[in-house]
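Participant: Questions regarding the structure given below will be posed in turn.
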Amino acid sequence: MAVPISHPFAGPDCTGWHQTLDALVDGEAGSLCSARAEAHAAECPACARRLAAAHAYKRALRRAGDAERAPIELRESVMASLRGVRRSRTP
Ligand SMILES: [Zn+2]
Numbered sequence: 027m028a029v030p031i032s033h034p035f036a037g038p039d040c041t042g043w044h045q046t047l048d049a050l051v052d053g054e055a056g057s058l059c060s061a062r063a064e065a066h067a068a069e070c071p072a073c074a075r076r077l078a079a080a081h082a083y084k085r086a087l088r089r090a091g092d093a094e095r096a097p098i099e100l101r102e103s104v105m106a107s108l109r110g111v112r113r114s115r116t117p
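For the sequence shown, this note's numbering puts the final residue at 117, and the numbers step up evenly by one.
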């Protein structure tokens, strides 16, 4: 597989680090793996950028998740209309 031009420092051995770096960001890498991956990223600009991008992506996902939560006013109006429906159905 060809190394992208925007990734000039990536050596052929870096592909092996990518999975570990992704697992590190997901909190799925063991502590030994995390330490080794962080040490590698400290010496490898390409992997450092990948790690930073993965962290930024993760943060963006979390923000998107927060934004999708319905505002409390909407929730209350939905609950109120549900109560209204239930009340109108019972005799
Ligand atoms: Zn690397």
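Yeah, the Cβ is synthetic: ideal placement off N, Cα and C, and Gly gets one too.
Which same chain residues end up closer than 8 Å to Gly62 when comparing Cβ atoms and leaving out the 5 residues on each side of it in sequence?
Facilitator: Taking the sequence shown and counting its residues from 1, one reaches residue 62 at position 36. Residue 62 is actually Arg in this sequence, not Gly. Closer than 8 Å at the Cβ level, and outside the excluded window around Arg62, lie Thr46.
Participant: If you follow the alpha helix (DSSP H) that Arg88 is part of, which residue opens it and which one closes it?
Facilitator: Along the sequence shown, read from residue 1 onward, the residue named residue 88 stands at position 62. Its alpha helix (DSSP H) spans residues Pro71 to Glu94.
Participant: Going by C-alpha distance, which of Ala49, Glu69 and Cys70 is nearest Ser60?
Facilitator: On the sequence shown, residue 60 is found 34 positions in, with the first residue counted as 1. The shortest Cα separation from Ser60 among Ala49, Glu69 and Cys70 belongs to Ala49.
Participant: Sorted by chain position, which residues of the same chain lie with C-beta nearer than 8 Å to Ile98's C-beta, five sequence neighbours on each side aside?
Facilitator: As a working note, residue 98 is residue 72 in the sequence shown. Result list for Ile98: empty, nothing under 8 Å.
Participant: Please go through the same chain and pick out, in chain order, the residues whose beta-carbon is closer than 6 Å to the beta-carbon of Lys84, but skip the five residues on each side of it.
Facilitator: Taking the first residue of the sequence shown as position 1, residue 84 is located at position 58. Same-chain partners within the cutoff: Val51.
Participant: If you measure from the CB of Ala72, is any heavy atom of ligand 1 nearer than 7 Å?
Facilitator: Residue mapping note: residue 72 aligns to position 46 of the sequence shown, counting from 1. At least one heavy atom of ligand 1 is nearer than 7 Å to the Cβ of Ala72, so yes.
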